[in-house]
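> Mind having a look at this structure? Questions to follow.
Numbering (my numbering), first residue to last: 402 to 528.
Listed below in structure tokens is the structure:
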């Protein structure tokens with residue numbers, strides 16, 4: 402269930418940013434961005450929780466360090482890329498492009514984890 406909620410939370414994050422890009426005034430965009438980060442925070446928390454649950458105790462620190470390193474790298478690179486893209490299409494267009502990328506990523510995640518969710522459900526039913 403955590404895997405499904407994690408993917409849906411990613412869709413919520415992306416949808417909030419897509420709505421922010423379409424917002425007519427800044428205050429409305431800010432509200433949608435706040436809502437988007439509820440989804441983003443849930444996704445980040447659940448993915449970290451999943452790593453903690455599935456990882457052996459003796460490896461947990463290394464795995465979480467790698468997770469945080471990848472998050473930090475992706476934040477930096479996406480910020481640089483967003484800056485470059487916004488020079489060409491503006492802030493609103495850049496937000497929309499990155500929101501669509503996030504929607505696609507969430508859908509791919511949900512499709513890629515379908516068999517994992519089915520196996521976990523089957524194992525839970527037989528246990």
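The beta carbon of each residue, even a glycine, is placed where N, CA and C say it ideally should be.
If you're wondering where the values come from, they're calculated on a predicted model, not measured in any experiment.
Between which residues of its own chain and residue 511 is the CB-CB distance below 6 Å, once the five residues before and five after are set aside?
For residue 511, where only same-chain residues beyond five positions count, the Cβ hits under 6 Å are 408.
> Residue 444 and residue 467: beta carbons closer than 7 Å?
Not a contact, by the Cβ cut-off of 7 Å.
> Express the C-alpha separation of residue 451 and residue 520 in angstroms, rounding to a whole number.
Roughly 16 Å between the two C-alpha positions.
> What is the rounded straight-line gap between the Cα of residue 508 and the Cα of residue 490?
So the two alpha carbons sit approximately 25 Å from each other.
> Examine the Cβ distances between the stretch 452-467 and the stretch 416-436 and report whether three or more of them are shorter than 8 Å.
Contact fails: fewer than three Cβ-Cβ distances are below 8 Å.
> Measure the CB-CB distance between residue 413 and residue 440 and report whether it falls below 7 Å.
Cβ atoms of residue 413 and residue 440: closer than 7 Å.
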